[in-house]
Amino acid sequence: MSIAQQQDTLDQAPSTAGCRVPYRVFTDRQYYDREQEKIFKGDCWSFVGLEAEVPKAGDFKSTFVGETPVILTRDSDGSVHVVVNRCAHRGALVCREMRGNRSSLECVYHQWAYDLKGNLIGVPFRRGLKGQGGMPGDFDMSQHNLRQLRTESVNGLVFASFSETVESCRDFLGPIVVEQIERIMCKPVTVLGDQRQRIRGNWKLYAENTRDPYHASLLHLFHNTFGLYRSTQTGKALMDANKRHSLLYSIAASNDDAADKQAYGDSRTFDTEFKLQDMSLLKGRQEFADNVTLVILAVYPNLVLQQIQNTLAVRQTVTYGPDEFELVWTHFGYQDDDEEMQAIRLKQANLIGPAGLISMEDGEAVEIVQNAIVGEASATSYIAMGGGRAEDADHLVTEGAIIGFWDNYREMVGFEVEPA
């Protein structure tokens with residue numbers, strides 16, 4: 001039975017506000033396939049990389065939009081392009097390396113060659129040999145280019161889209177997201193390195209996680225114990241006008257240990273007696289005039305831009321199936337960082353990534369949900385903290401942005417919502 005025939009719903013909870021998400025959307029291959037078509041190849045802009053990852057002419061980076069392999073390139077004129085990493089001849093990967101620099105892209109299988117915009121520029125033996133063989137006389141090189149995606153940059157973040165009808169990238173992101181990108185990407189950046197994490201769970205569970213301030217001081221002992229983030233802090237959970245993107249931010253200077261201990265009671269995640277052997281991990285510098293110490297900007301469908309203390313990074317989601325995805329963490333700093341700030345950023349990189357003192361629990365949280373919902377045909381989650389609707393909040397005890405994500409998912413993938 002097709003998804004359309006099933007007419008599945010994201011139901012409102014009976015007699016109360018709230019969102020119920022059927023667990024089968026995380027496990028059923030039909031949903032995954034439809035996501036590739038309607039989201040990643042649909043009217044969306046997907047993050048593919050930083051311009052700083054391809055700083056010189058000829059630089060390239062192999063990456064993905066959803067499950068589709070693509071190549072981000074820097075052309076000789078300084079422009080950036082994104083093309084599908086699939087030869088127009090017989091479908092082989094053109095770039096097998098993760099990164100590199102070259103004047104053209106060449107498929108190893110039959111050596112079909114393309115320029116850095118994806119245009120076909122060379123076909124061995126196209127006219128045959130010794131009067132024999134060769135391509136047909138009407139073979140037109142211009143009709144056999146690599147698939148070229150729409151590509152736009154916003155302050156050094158590169159986005160690509162398969163859609164010819166989706167609005168401009170800035171309009172898709174909206175003012176709140178663009179403002180936060182401009183806040184963090186406020187000057188030229190330098191890439192510090194990557195971390196990669198394969199997670200055995202559905203990518204949408206991580207999309208929920210990054211829109212969820214409710215879990216952050218309960219799951220993450222390090223956050224709470226050392227005061228980097230607490231739900232009692234001054235902060236907000238905001239969305240764009242379409243409620244597809246989410247901004248969570250907080251200010252650590254608003255901590256009050258005595259009041260916070262009373263609020264958390266005997267929670268395992270609040271223990272101010274824990275100490276670090278090397279407290280320099282927490283010694284940073286104030287960088288932004290607004291005093292905000294934590295920003296999690298979740299951009300639909302596959303990007304998180306973050307500031308946690310002095311660690312700056314983008315996180316890209318790559319899908320591999322209903323029950324597996326990869327997180328690619330790219331750390332960066334500013335080109336004008338002094339030696340002290342460079343050292344701070346490198347040390348604080350230990351906070352995030354697969355083994356990060358904060359982030360390591362998120363992958364585990366995704367997997368324990370995935371393991372528990374396998375085979376569920378009718379059971380649902382219940383998302384209602386903060387009022388149970390996709391609404392902004394001037395506090396951090398809310399799941400509103402998760403509901404906003406599901407509202408957009410429903411519209412793109414085909415769900416209907418029953419009224420409360």
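All residue numbers for the sequence shown refer to UniProt numbering, where the first residue is 1 and numbers rise by one. Cβ atoms here follow ideal geometry from the backbone N, Cα and C, with glycine treated the same way.
Asked, Found
"I403 classed as buried or exposed, judged by whether at least 16 other C-beta atoms fall within 10 angstroms", "buried"
"Cβ contact check for the stretch 158 to 174 and the stretch 133 to 141: 3 or more pairs under 8 Å", "no"
"Alpha-carbon to alpha-carbon, Y409 and K243", "11 Å"
"Neighbourhood of W112 by C-beta distance below 6 Å, restricted to the same chain and skipping five residues each side", "C87, H89, V123"
"Of the residues P136, T232, F125, L238, the one placed nearest Q180, counting alpha carbons only", "L238"
"Simplified DSSP assignment, three categories, for K38", "helix"
"Pick from V318, R211, N85 that is closest to R147, judged by C-alpha positions", "N85"
"Residues bridged to V82 [DSSP beta-bridge criterion]", "L72"
"Among Y300, L276, R99, G400, the one whose alpha carbon lies nearest that of F226", "L276"
"Nearest-angstrom Cβ-Cβ length linking H81 and T73, presumed shorter than 8 Å", "5 Å"
"CA nearest to the CA of V48, picked from L282, A349, Y264, W329", "W329"
"Straight-line Cα distance separating D194 from R99", "12 Å"
"Close beta carbons around A52, own chain, < 7 Å, minus the five adjacent residues each side", "G156, V189, T190, V191, F332"
"F40 to L129 span [Cα, whole Å]", "43 Å"
"Which of helix, strand or coil DSSP assigns to P213", "helix"
"Of the listed residues W45, V21, G137, G66, nearest to D33 (C-alpha basis)", "G66"
"Status (buried if at least 16 other CB within 10 Å, exposed otherwise) for H245", "buried"
"The stretch 131 to 138 contacting the stretch 20 to 28, beta-carbon criterion three pairs below 8 Å", "no"
"Cβ-Cβ separation, E326 to R196 (assumed contact under 8 Å), whole Å", "6 Å"
"DSSP beta-bridge partners of N101", "D59"
"Three or more C-beta pairs below 8 Å linking the stretch 277 to 287 and the stretch 203 to 222", "no"
"Distance between A313 and E35 (C-alpha atoms, nearest Å)", "26 Å"
"Residue range of the unbroken alpha helix (DSSP H) whose run includes R170", "169 to 173"
"Beta-ladder partner(s) of F288, from DSSP", "Answer by DSSP bridge pairing: none, since F288 is not bridged."
"Rounded distance between the beta-carbons of S103 and G58, thought under 8 Å", "6 Å"
"Residues that G321 bridges to, as DSSP identifies them", "E324"
"8 Å contact criterion, which Q286 and L303 should meet: CB distance rounded", "Actually they do not touch by this definition, with Cβ atoms about 26 Å apart."
"Which listed residue (R198, S267, G42) has its alpha carbon closest to that of M412", "G42"
"The ligand MN heavy atom lying under 7 Å from the CB of L116", "The ligand MN is absent from the structure shown, which contains no ligand whatsoever."
"Own chain, CB closer than 6 Å to S381, minus 5 neighbours either side, in chain order", "V21"
"Unbroken alpha helix (DSSP H) run spanning A160, endpoints", "Segment 157 to 161 is the beta strand (DSSP E) holding A160; no alpha helix (DSSP H) there."
"Cβ contact (3+ pairs, closer than 8 Å) linking the stretch 212 to 222 and the stretch 353 to 369", "yes"
"Span separating the alpha-carbon of Q306 from that of L297", "6 Å"
"Best match in S250, D323, Y300 for proximity to N291 [C-alpha to C-alpha]", "S250"
"Beta bridge counterpart(s) of P22 as assigned by DSSP", "T380"
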